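To keep things clear, I will list the structure first and then write my remarks on it.
Protein chains: 2
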Amino acid sequence: MTIPGNGDLASLGEFGLISRIQALLPQSEEVILGPGDDAAIVKAVDGYVVATTDMAVEDIHFRRDWSTAKQIGSKIAAANLADLVSKGARPTALLVAFAAPADLPVEWALDLTLGLRDEAAKTGASIVGGDIARAEKIVISIAALGSLDGREGVRRSGAKVGDLVVLAGTTGLSAAGLALLSSDIDVALGEFNELRTAHLTPDVNYDLALALAIAGAHSMCDVSDGLLADLGHIAQASGVKCQIDATKLDLSKLQGLATKIGVDPMRWALTGGEDHAFVATISPDVDLPDGTFVIGEVLVGSGVDVLGTDVSKWQAGHDHFHRII
Amino acid sequence: MTIPGNGDLASLGEFGLISRIQALLPQSEEVILGPGDDAAIVKAVDGYVVATTDMAVEDIHFRRDWSTAKQIGSKIAAANLADLVSKGARPTALLVAFAAPADLPVEWALDLTLGLRDEAAKTGASIVGGDIARAEKIVISIAALGSLDGREGVRRSGAKVGDLVVLAGTTGLSAAGLALLSSDIDVALGEFNELRTAHLTPDVNYDLALALAIAGAHSMCDVSDGLLADLGHIAQASGVKCQIDATKLDLSKLQGLATKIGVDPMRWALTGGEDHAFVATISPDVDLPDGTFVIGEVLVGSGVDVLGTDVSKWQAGHDHFHRII
Chain A
40 MTIPGNGDLA
50 SLGEFGLISR
60 IQALLPQSEE
70 VILGPGDDAA
80 IVKAVDGYVV
90 ATTDMAVEDI
100 HFRRDWSTAK
110 QIGSKIAAAN
120 LADLVSKGAR
130 PTALLVAFAA
140 PADLPVEWAL
150 DLTLGLRDEA
160 AKTGASIVGG
170 DIARAEKIVI
180 SIAALGSLDG
190 REGVRRSGAK
200 VGDLVVLAGT
210 TGLSAAGLAL
220 LSSDIDVALG
230 EFNELRTAHL
240 TPDVNYDLAL
250 ALAIAGAHSM
260 CDVSDGLLAD
270 LGHIAQASGV
280 KCQIDATKLD
290 LSKLQGLATK
300 IGVDPMRWAL
310 TGGEDHAFVA
320 TISPDVDLPD
330 GTFVIGEVLV
340 GSGVDVLGTD
350 VSKWQAGHDH
360 FHRII
Chain B
40 MTIPGNGDLA
50 SLGEFGLISR
60 IQALLPQSEE
70 VILGPGDDAA
80 IVKAVDGYVV
90 ATTDMAVEDI
100 HFRRDWSTAK
110 QIGSKIAAAN
120 LADLVSKGAR
130 PTALLVAFAA
140 PADLPVEWAL
150 DLTLGLRDEA
160 AKTGASIVGG
170 DIARAEKIVI
180 SIAALGSLDG
190 REGVRRSGAK
200 VGDLVVLAGT
210 TGLSAAGLAL
220 LSSDIDVALG
230 EFNELRTAHL
240 TPDVNYDLAL
250 ALAIAGAHSM
260 CDVSDGLLAD
270 LGHIAQASGV
280 KCQIDATKLD
290 LSKLQGLATK
300 IGVDPMRWAL
310 TGGEDHAFVA
320 TISPDVDLPD
330 GTFVIGEVLV
340 GSGVDVLGTD
350 VSKWQAGHDH
360 FHRII
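Chains A and B, in that order, give the protein sequences. The opening position of the first sequence corresponds to residue 40 in the working numbering, with each subsequent residue numbered one higher. The opening position of the second sequence corresponds to residue 40 in the working numbering, with each subsequent residue numbered one higher.
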């Protein structure tokens with residue numbers, strides 16, 4: 040049992056905290072009714088709403104000794120927003136459910152809010168509501184809403200034989216950053232900072248995912264479970280085979296750390312999760328948006344074939360219950 | 040550390056569990072894209088979506104030794120759906136984020152799903168997506184979406200001087216049920232079952248809330264924090280005073296248990312949370328829907344005045360961080 044002190048959630052109380060949080064949240068003109076009521080009202084201009092949810096649990100998805108509250112907020116918002124744009128939806132609103140111990144410093148909760156708010160603002164979305172509860176460990180659960188603005192949604196199931204497999208972003212950086220944070224190897228101050236940052240505060244190119252959708256992508260996923268796993272989801276949902284050439288993947292940022300700790304950087308690039316790059320399939324007749332590159336093609340068959348490396352020895356992707364008991 | 044066994048989440052795995060859950064979830068015709076993709080697509084027929092979120096944490100909001108998984112699912116779905124209908128919105132979709140220990144029996148997770156699904160079905164809503172994570176204690180976080188079908192939303196801030204204060208449902212039953220479950224008093228088998236059930240599986244009259252909205256309620260809340268607290272939210276948001284006559288409240292179901300354990304049943308009726316009755320303010324010129332009754336009126340001023348009993352000795356409503364450290 041922790042004695043509540045000055046400046047923690049117990050001393051401020053639930054309604055005091057809500058009031059402090061609300062003061063940090065500007066609302067876009069698409070928000071008809073924002074935080075402070077039983078529910079929010081948001082425009083859905085074309086008569087459809089795209090919705091997703093993603094939850095993060097302390098010591099499973101994040102650690103308070105590795106990440107600032109703002110980084111944690113930014114990362115969990117990004118996971119939700121990336122899911123929306125991968126369907127071609129422009130994010131409009133986030134709802135945030137937050138559970139925390141009573142001795143959590145108020146400043147931590149406010150910094151979390153800033154991280155959530157600022158990441159959402161990159162896409163034009165507002166935080167329109169939420170819920171606060173007590174728990175032994177911090178849990179942040181977000182639901183994100185978006186608009187297709189009259190477009191068709193891009194599904195996992197839309198890949199067509201003959202499509203190119205296209206990647207937007209670099210995979211493996213977050214997994215490499217996690218490996219670095221988890222290891223006790225000696226690195227110089229600032230060395231591999233890009234990898235550490237990729238794990239703690241992913242830089243998601245939302246516009247590029249929307250550009251792929253507008254260009255006519257037939258299917259798309261964000262790479263949250265790992266490239267092989269997420270491409271496998273597309274292959275399975277679409278009833279096709281995705282064949283990729285691993286030599287097309289950019290390992291340049293991974294090589295240094297991989298050599299130092301003696302792992303194959305290809306494993307990070309193919310199976311590392313939480314990168315929030317985007318993998319799509321699209322007709323070869325389309326002009327690809329700048330920043331995307333072709334890594335393979337869609338064939339008759341099933342599953343994912345990888346040319347240029349042997350992946351049979353790796354487990355593909357992340358399973359919350361299988362991996363770590 | 041628990042060794043995973045046959046029939047628990049660890050042995051089935053995240054993707055196996057998702058597949059078992061999805062098989063339980065029919066989708067309404069308003070769902071364009073349901074579970075299994077990165078996001079769902081749901082119709083928002085009038086160009087607006089109403090959205091809310093509510094989270095429940097094991098041993099804070101529910102106990103596995105008091106409630107079945109199905110009861111827990113039903114109750115947390117009801118909390119979200121009641122928030123929607125209190126704004127005059129017809130529920131269309133739920134998103135469910137679920138964290139649990141790896142040794143949780145698969146059957147528990149499936150029964151939870153049935154509870155969520157069946158409660159949602161009472162309003163016509165479908166479970167359109169979710170997220171699953173690992174945690175030491177169970178956390179269920181729901182976001183619920185609804186449609187106003189062309190109506191204006193009913194806000195907390197709409198109460199007008201001269202309105203009647205109207206209650207739909209009975210307050211205090213859930214608090215009395217909680218008092219019974221928490222006490223070690225001897226009761227005959229089946230005695231006070233209605234109170235126990237009111238706490239474990241609230242019976243929410245969604246249609247009555249929508250009827251109040253359609254009848255033109257100026258403001259409405261569901262009574263989740265307690266009647267005084269929720270009416271206080273309306274008074275504050277609307278800049279008015281709400282005066283209620285406590286003698287209008289129905290204590291008949293509370294009296295027996297209250298006498299037995301020596302408490303004032305009025306306290307349960309005025310400050311007990313989680314009843315998901317609805318309190319509204321509405322013009323006196325309107326024909327009230329059957330099942331609602333007048334408990335007071337809206338006056339110039341601020342706060343909540345209670346006639347017929349002395350409430351000064353009670354703390355009004357529930358604060359997650361103040362109440363229990």
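Glycine included, every Cβ here is placed at the ideal spot set by N, Cα and C. Source: prediction; values computed, not measured.
Beta-carbon within less than 6 Å of residue i's beta-carbon, same chain only, minus the 5 sequence neighbours each way: which residues are those?
| i | result |
| --- | --- |
| B/Val124 | Tyr245, Ala248 and Leu249 |
| A/Glu158 | Ser113, Ala116 and Ala117 |
| B/Gly86 | none |
| A/Trp353 | Arg306 and Thr310 |
| A/Thr152 | Ile60 and Leu63 |
| B/Phe231 | Leu219 and Leu296 |
| B/Arg190 | Gly127 |
| B/Leu365 | Outside the displayed range of chain B (40 to 364) lies residue 365 of chain B, so it cannot be described from this structure. |
Could you have a look at residue i and say whether DSSP puts it in helix, strand or coil?
| i | result |
| --- | --- |
| A/Leu239 | helix |
| B/Ser186 | strand |
| B/Thr162 | coil |
| B/Ser113 | helix |
| A/Pro140 | coil |
| A/Arg156 | helix |
| A/Ile273 | helix |
| A/Glu146 | helix |
| B/Ile99 | coil |
| A/Gln66 | coil |
| A/Glu233 | helix |
| A/Lys292 | coil |
| A/Ala121 | helix |
| B/Ala319 | strand |
| A/Leu228 | coil |
For the candidate residues the options, whose alpha-carbon lies nearest to that of residue i?
| i | options | result |
| --- | --- | --- |
| A/Gly201 | A/Ala95, A/Thr348, A/His257 and A/Val302 | A/His257 |
| B/Gly342 | B/Leu267, B/Gly330 and B/Val145 | B/Leu267 |
| A/Ala160 | A/Val325, A/Val318 and A/Leu63 | A/Leu63 |
| B/Val302 | B/Ala254, B/Ala285 and B/Leu219 | B/Leu219 |
| B/Glu313 | B/Gly265, B/His272 and B/Tyr87 | B/Gly265 |
| B/Ser165 | B/Lys176, B/Leu234, B/Ala174 and B/Ile181 | B/Ile181 |
| A/Leu296 | A/Ile224, A/Thr320, A/Ala316 and A/Thr209 | A/Ile224 |
| A/Val243 | A/Ser67, A/Val193, A/Ala78 and A/Leu120 | A/Leu120 |
| A/Phe54 | A/Val226, A/Gly169 and A/Thr298 | A/Gly169 |
| B/Leu143 | B/Leu134, B/Ala108, B/Leu153 and B/Gly197 | B/Ala108 |
| B/Gly208 | B/Asp349, B/Ala254, B/Gly185 and B/Leu288 | B/Leu288 |
| A/Val197 | A/Ala274, A/Val70 and A/Gly154 | According to the sequence as given, residue 197 of chain A is Gly; it is not Val. Nearest option by C-alpha distance: A/Ala274. |
Is the beta carbon of residue j closer than 7 Å to that of residue i?
| i | j | result |
| --- | --- | --- |
| B/Ala90 | B/Pro241 | no |
| A/Ile283 | A/Val337 | no |
| A/His238 | A/Ser263 | no |
| B/Met94 | A/Ala172 | yes |
| A/Ala83 | B/Ala132 | no |
| A/Cys281 | A/His272 | no |
| B/Thr286 | B/Gly347 | yes |
| B/Gly127 | B/Ala252 | yes |
| A/Ala319 | B/Val96 | no |
| B/Leu206 | B/Ile321 | no |
| A/Thr236 | A/Ala308 | no |
| A/Gly192 | B/Ile80 | yes |
| A/Ala276 | A/Arg195 | yes |
Residues in the same chain with beta-carbon distance under 7 Å from residue i, minus the five sequence neighbours each way, listed in chain order, please.
| i | result |
| --- | --- |
| A/Ser221 | none |
| A/Gly75 | Gln61 |
| A/Asp98 | Lys176 |
| B/Leu56 | Leu48, Val145, Ala148 and Ile171 |
| A/Leu187 | Asp85, Tyr87, Val89, Gly127 and Ala128 |
Could you tell me if the beta carbon of residue i falls within a distance shorter than 6 Å of some heavy atom in the ligand NAD?
| i | result |
| --- | --- |
| A/Lys114 | In the structure on display, the ligand NAD does not appear, and there are no ligands present to speak of. |
Give me, in chain order, the residues of the same chain whose beta-carbon lies closer than 8 Å to that of residue i; leave out the 5 immediate sequence neighbours on both sides.
| i | result |
| --- | --- |
| B/Val339 | Val200, Val279 and Lys280 |
| B/Pro140 | Thr41, Leu48, Arg173, Ala174, Glu175, Lys176 and Ile177 |
| B/Asp122 | Thr91, Asp93, Ala183, Asp261 and Ser263 |
Check distances from the C-beta atoms of the segment 161–177 of chain B to those of chain A and list, in chain order, the residues that come in under 9 Å.
-> Those residues of the segment 161–177 of chain B that come within reach of chain A (Cβ to Cβ, closer than 9 Å) are Val167, Gly168, Gly169, Asp170, Ile171, Ala172, Arg173, Ala174, Glu175 and Lys176.
For the segment 112–131 of chain A, which residues have a beta carbon sitting closer than 7 Å to at least one beta carbon of chain B?
-> Listed by position, the residues of the segment 112–131 of chain A near chain B (Cβ gap below 7 Å) are Asp122, Leu123, Ser125, Lys126 and Ala128.
Residues in the segment 227–256 of chain A with C-beta within 8 Å of chain B's C-beta atoms, listed in sequence order?
-> Answer in chain order: no residues at all.
Pull out every residue of the segment 71–93 of chain B whose Cβ sits closer than 9 Å to any Cβ of chain A, in chain order.
-> Those would be Ile71, Leu72, Gly75, Asp76, Asp77, Ala78, Ala79, Ile80, Val81, Lys82, Ala83, Val84, Asp85, Gly86, Tyr87, Val88, Val89, Ala90, Thr91, Thr92 and Asp93, in chain order.
Give, in chain order, every residue of the segment 184–200 of chain B whose Cβ lies closer than 7 Å to some Cβ of chain A.
-> Of all residues in the segment 184–200 of chain B, only Leu184, Gly192, Arg194 and Arg195 place a beta-carbon less than 7 Å from a beta-carbon of chain A.
Just by C-beta distance, which residues in the segment 45–72 of chain B are closer than 8 Å to chain A?
-> The residues in question are Leu48, Ala49, Leu51, Gly52, Glu53, Phe54, Leu56, Ile71 and Leu72.
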